[in-house]
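1 is the number of the first residue of the sequence shown in full-length UniProt numbering; add one for each residue after it. Glycine included, every Cβ here is placed at the ideal spot set by N, Cα and C.
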Amino acid sequence: MALSRREVLRAGAAGSVAVLVGTAAAGSARFPAPRWLGDPFALGVASGDPAPDSVVLWTRLAPDPLAPDGLGGMPLDPVTVEYEVADDEHFRQVVARGTALATRALAHSVHPEVHGLAPDRWYFYRFRAGSAISPVGRTRTAPPPGQPFARLRFAFASCQSWSSGYYNAYEHLSQEDLDLVVHLGDYIYERAWVNGRQGVAIGPDLRDEAVDLPGYRLRYALYKAERPLRAAHAAFPWLVTMDDHEVDNNWAADTPGIGLDIWRVPALFRRRRAAALQAMYEHQPLRSTALPSGQGIRLHRRFRFGDLADITMLDTRQYRTAQACDGAVVADCADRFSAGRTILGARQRDWLIEGFTHSPARWQIIGNQVGMSQNDTDPGPEVRVSTDSWDGYVADRNAVLGAAADRGAGNLVVITGDRHENHAADLRRDYTDPGSPVVAAEFTGTSITSNGDGADLTAKGRLLLAANPDLKFFNAQRGYVRVELDHRIWRNDFRVVPYVRRPGAPIHTRASYVVQDGIPGVTEAWSPGGPVSPAPEADATSRAEGTRGGR
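See the structure below:
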């Protein structure tokens, strides 16, 4: 049964007074909670990585989330955390109970993986630590792989610099009618670049760049303390990956990013990266397979939704070759065409391509961090591109897009973050060949807040549209992208807010683009300048009221 956001909120109120019982196995060791001096669930709850029979749940005990040591006001001792999963909002029909141990080693976060669930179902969940009851979250399992599945609705988002503005977009995303949310990276920023929140100052512990475990933990706590982000996590399961700012701006594998400080020393950077990856795991709904080790964190993984869609989440940071030509925006950089240059690493690239071969899904969706389409910034005869994106790793791009075309990989759509802009673009097999065919589509989503309020069509946008004939749409406002797909069509709605420097912004659909089954590339469905096909009535209501009702 579809459940509305209002019902979720009612469930949260019910959960605050309910009592959980029988969650621990008989005879198992239990570690009591301390006497709370604040709300231990101040950072909310989350779920993610849905499978047909399981999901992972998440919370972190942090009664003082911004305590300077990054430990959230928790003592040294472990705490037993109980959880329940139920069919109904009042937890009368509990389908799973269990306990997880919150320890100092992982900042008292827990990631219980709940198995034995029914496929393609909504569930409610909550936690208890001592006398404290968490907010209630809602999650959904995936349909069985290969089985008939009619429709999937999701949103994707990225780039949410806390200091650049308020999370107005998440206010609306949490009310959408979705099955899941995909986050494509830059969930935190390692430093506060600007203060774009009117009347808000950043404390001394958050003003400097994060370089160690307490610093990264404080960044996540600051971001997760925001009510709109917590609401979006509680409403849907999430699929998450990372880009650069979870660690360091423009980092690549063992190579530090931009800067001239001591953290560019390789040994110190590796220590910094390990701290950042641990903090990421501690604060995201990731399965135990992602628990960081000396080799990094495993973030590339694949999710199957019946016979309709595969979503393949990539990691374009940990395994890449250092950027060609210093990662600059350049016109002459022969090194970017080097056959040995990789953005994925050979093992991840082969795994991605192999997945194309054996998938029965109608749609192949790649969750990608940095732009895959050619993004020329020179409208003249030169090709001037950033080598931090796939433009700097041409061999990998050609291998992936060529394999998708050669192996009949369904309808390939790439969803991308990073650029703080909305783009709709065709993807060509080989950009050096003017006659190369269009083989896929790419939709780039703007930022939640990064770069401040933004604008609709900027001077940069006009330049990019003039220089890139495959770029069909540009917008630089803030927001997220809403997607609906069935076996015939992919509909992509660019949802934007007019401002983020103050709270309370409305939202509207700036434009809609579609991809049709069997026809690679993007087609405009609707924009304010003139619809190619009428926008659905629900969108017309959404534009008038500023939101769209949830389930």
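Sub-8 angstroms separation of residue i and residue j beta-carbons
i, j, result
"phenylalanine 41", "serine 134", "yes"
"alanine 276", "arginine 217", "no"
"valine 114", "alanine 96", "yes"
"leucine 117", "aspartate 53", "yes"
"arginine 478", "serine 447", "yes"
"glycine 44", "histidine 172", "no"
"glutamine 348", "glycine 417", "no"
"tyrosine 166", "arginine 502", "yes"
"valine 329", "aspartate 426", "no"
"threonine 289", "arginine 298", "yes"
"residue 552", "alanine 467", "It is not possible to answer for residue 552, since the shown part of the chain is limited to 1 through 551."
"leucine 314", "glycine 367", "yes"
"alanine 102", "valine 79", "yes"
"phenylalanine 305", "alanine 142", "yes"
"leucine 180", "proline 237", "yes"
Cβ shell of residue i (< 6 angstroms), same chain only, five flanking positions each side left out
i, result
"alanine 505", "Asn168, Val497, Pro498, Tyr499"
"glutamine 284", "Val240"
"leucine 286", "none"
"proline 520", "Val438, Val439, Ala440"
"phenylalanine 269", "Pro256, Trp263"
"valine 94", "Glu84, Ala86"
"alanine 231", "Ser174"
Alpha-carbon to alpha-carbon, residue j and residue i
i, j, result
"alanine 105", "isoleucine 202", "27 angstroms"
"alanine 324", "glycine 340", "12 angstroms"
"arginine 153", "arginine 428", "26 angstroms"
"alanine 62", "alanine 100", "16 angstroms"
"glycine 445", "glycine 185", "11 angstroms"
"tyrosine 431", "valine 182", "28 angstroms"
"histidine 108", "alanine 221", "13 angstroms"
"threonine 411", "glutamine 364", "With the sequence shown as reference, residue 411 is identified as asparagine, and threonine is not the correct amino acid for it. If I take the Cα positions, the gap works out to 6 angstroms."
"arginine 207", "arginine 191", "7 angstroms"
"residue 565", "leucine 178", "Residue 565 is absent from the model: the chain starts at 1 and stops at 551."
"aspartate 335", "valine 394", "10 angstroms"
"leucine 308", "leucine 71", "43 angstroms"
"aspartate 396", "arginine 301", "18 angstroms"
"alanine 361", "alanine 155", "19 angstroms"
"tryptophan 162", "arginine 488", "38 angstroms"
"cysteine 159", "arginine 419", "8 angstroms"
"aspartate 350", "proline 32", "47 angstroms"
"aspartate 39", "aspartate 310", "39 angstroms"
"valine 413", "phenylalanine 149", "18 angstroms"
"alanine 29", "tryptophan 36", "21 angstroms"
"arginine 271", "histidine 508", "43 angstroms"
"arginine 151", "glutamate 176", "15 angstroms"
"arginine 197", "histidine 423", "26 angstroms"
"arginine 384", "arginine 121", "48 angstroms"
Residues near residue i in its chain [Cβ-Cβ closer than 8 angstroms; skip 5 each side]
i, result
"asparagine 250", "Asp244, Gly257, Ile258, Gln323, Gly327, Asp388"
"arginine 407", "Ile353, Phe356, Thr357"
"alanine 455", "Ala476, Gln477"
"threonine 321", "Ala252, Ala253, Gly340, Arg341, Thr342, Ile343, Tyr393"
"threonine 59", "Phe41, Leu43, Gly44, Val45, Ala46, Val81, Ser109, Val110, Phe127, Ser134"
"residue 552", "Absent from the model: residue 552. The displayed extent of the chain is 1 to 551, so no value can be given."
"asparagine 195", "Ser163, Ala201, Ile202"
Contacts around residue i, its chain only, beta-carbon distance under 7 angstroms, and the 5 residues preceding and following it disregarded
i, result
"glutamate 209", "Glu190, Arg191"
"alanine 405", "Arg429, Val439"
"proline 266", "Asp254"
"glutamine 318", "Ala253, Gly296"
"proline 119", "Pro52, Asp53, Thr141, Ala142, Pro143, Pro144"
Reduced DSSP category for residue i - H, G, I as helix; E, B as strand; rest coil
i, result
"tyrosine 189", "coil"
"tyrosine 123", "strand"
"histidine 508", "strand"
"threonine 321", "coil"
"glycine 530", "Reliability fails at glycine 530, whose pLDDT of 48 lies under 50, so the model's placement of it is uncertain and no value is given."
"histidine 358", "helix"
"threonine 289", "helix"
"phenylalanine 269", "helix"
"aspartate 406", "helix"
"glutamine 295", "coil"
"aspartate 49", "strand"
"serine 54", "strand"
"serine 163", "helix"
"glycine 38", "coil"
"phenylalanine 305", "strand"
Test: residue i CB closer than 8 angstroms to a CB of chain D
i, result
"glutamine 284", "Looking for chain D here will not work: only one protein chain is present."
Three or more C-beta pairs below 8 angstroms linking the segment 219 to 237 and the segment 54 to 70
yes
Examine the Cβ distances between the segment 43 to 53 and the segment 86 to 94 and report whether three or more of them are shorter than 8 angstroms.
no
Taking 8 angstroms as the threshold, find out whether the segment 480 to 490 comes into contact with the segment 368 to 380 through three or more Cβ pairs.
no
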